[in-house]
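Residue numbers (the numbering used here): 5 to 394.
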């Protein structure tokens, strides 16, 4: 209570100092939550693409995304390459080629024979509703939706959804994976081939029937095979294709993420430095105003340790209050922004408990460190000189 009374002596100054800390922590919370979201997407992508090779047409420019038609026979050529355990042909296409994709993985249609990769796929998926695709679904208009797609379209297993003007029955909804499956509609290969074929220019449709189409092939290496070396072998053995490994995904996406995270941390750090300087200023002025009081305390036996402890405690409370208020305001903004963008799939932030605890702890420690210099100067005051101070 004594510490709070001391802070209440100059209410406006204390309030403004707390506000400075609040702004810094608010920036740290908001930008930190954005960095968490980016990192979770990248980590999920790394896990999804690990231990597999995405093979696309050589003219394709998107990393790990096959949007250019290739012949289904390419899968047989790849399966014959030494070191390949399995080659699963797929159709991949944008659900809406004209629509904005938001701050996430693009919304995709992915077609393959249900269970064709079951012997090799290690990425774990589970179903919130319904079931996955099976070979028996070939020839049927059914779909398994990722968690984000199901939420966006407000559809459950047993309902229907229209994709590319085709009505499909939803047979399953995936649990969230924080990566590509969340925004993917999984179709039987035949249904996806027909949709993909219809989207191609007439000259391409005339040369390649729908049943012979693929857009990418997922290659699974045999146990112990180095994926980078196998990708190089594939590039040589099948010159018409391009390969993307998990390491290449990490290199292309991870470097951009590191730069973005550095920018975010820099902005938050500048805000916190400003807040720290305001604490130093406030505590220095407080010491100057209370010089005579400090002299009296020293004269009646107060130790330097006690003086330092008292003033650092005041600075710590300023940091704690600023941190709590900044965390609250940041959490409100994050929740509001995520809710506003959820319908369109634009979920920008991921505020974790770790980020929240770090923000409050950091603001408290910042306050203590910022108050340490003025407190130490106050403790070193000569009691006699301090008593004469006017």
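A virtual CB, placed ideally from N, CA and C, is assigned to each residue, including glycine. None of these values were measured; they are calculated from a predicted model.
Practice item. Mind reading off the beta-carbon distance from residue 351 to residue 345? Whole number of angstroms is fine, and I expect it under 8 Å. Key: Mapped onto the chain shown, residue 351 falls at position 347. Mapped onto the chain shown, residue 345 falls at position 341. Residue 345 and residue 351 do touch by the CB rule: their CB atoms are close to 6 Å apart, below 8 Å.
**Study point:** residue 234, DSSP secondary structure in three states
**Key:** If you number the chain shown from 1, residue 234 lands on position 230. Helix, per DSSP.
Check your understanding: Along the chain, where does the beta strand (DSSP E) that runs through residue 246 open and close?
Key -> As a first step, residue 246 must be located in the chain shown, where it is residue number 242. Note, residue 246: beta strand (DSSP E), 245 to 249.
Review point. Does the separation of the CB atoms of residue 45 and residue 113 fall below 8 Å?
Key: Along the chain shown, read from residue 1 onward, the residue named residue 45 stands at position 41. Along the chain shown, read from residue 1 onward, the residue named residue 113 stands at position 109. Cβ atoms of residue 45 and residue 113: not closer than 8 Å.
Check your understanding: Does the beta-carbon of residue 240 have 16 or more other beta-carbons within 10 angstroms, so that it is buried, or is it exposed?
Key -> In the chain shown, the residue the question calls residue 240 occupies position 236. Answer is exposed; the Cβ neighbour count stays below 16.
Review point. So, is residue 152 buried or exposed, given that buried needs 16 or more other C-beta atoms within 10 angstroms?
Key: Taking the chain shown and counting its residues from 1, the one referred to as residue 152 is at position 148. It counts as buried.
Exercise for review: Identify whether residue 405 lies in helix, strand or coil by the three-state DSSP scheme.
Suggested key: The first residue shown for the chain is 5 and the last is 394, placing residue 405 beyond what the model contains.
**Study point:** Straight-line Cα distance separating residue 273 from residue 34
**Key:** Residue 34 sits at position 30 when you count from the first residue of the chain shown. Residue 273 sits at position 269 when you count from the first residue of the chain shown. Going by the C-alpha atoms only, they are around 13 Å apart.
Practice item. Give a yes or no on whether the C-beta atoms belonging to residue 186 and residue 150 are separated by under 8 Å. Key: Taking the chain shown and counting its residues from 1, the one referred to as residue 186 is at position 182. Taking the chain shown and counting its residues from 1, the one referred to as residue 150 is at position 146. In this structure, residue 150 lies closer than 8 Å to residue 186 by Cβ.
Check your understanding: So which of 175, 378, 364, 377 has the shortest CA-CA distance to residue 22?
Key -> Position 18 of the chain shown holds residue 22. The option with the nearest alpha carbon to residue 22 is 364.
Check your understanding: Near residue 406, which residues of its chain fall below 6 Å by C-beta distance, leaving aside the five closest residues on each side in sequence?
Key -> Summary: the structure shown does not reach residue 406, with the chain confined to residues 5 through 394, and so no result is reported for it.
Review point. Which one of 327, 236, 169, 200 has the shortest CA to CA distance from residue 31?
Key: For this step, residue 31 is matched to residue 27 along the chain shown. The shortest C-alpha separation from residue 31 is found at 327.
**Study point:** 7 Å Cβ shell around residue 220 - same chain, five flanking residues per side excluded
**Key:** Along the chain shown, read from residue 1 onward, the residue named residue 220 stands at position 216. So the list reads 58, 59, 60, 70, 94, 96, once near-sequence residues are dropped.
Point to revise | Candidates 169, 89, 379: closest to residue 317 by CA position | key: As a first step, residue 317 is located in the chain shown; it is residue number 313 there, counting from the start. Residue 379 is the option with its Cα nearest to residue 317.
**Study point:** Whole alpha helix (DSSP H) elements within the region 305 to 385, 4-residue minimum
**Key:** 308 to 346, 357 to 383
Practice item. Excluding the 5 residues preceding and the 5 following residue 271 in the sequence, name in chain order all residues of the same chain whose CB lies nearer than 8 Å to its CB. Key: Taking the chain shown and counting its residues from 1, the one referred to as residue 271 is at position 267. Once the five neighbours on either side are set aside, the close Cβ partners of residue 271 are 31, 35.
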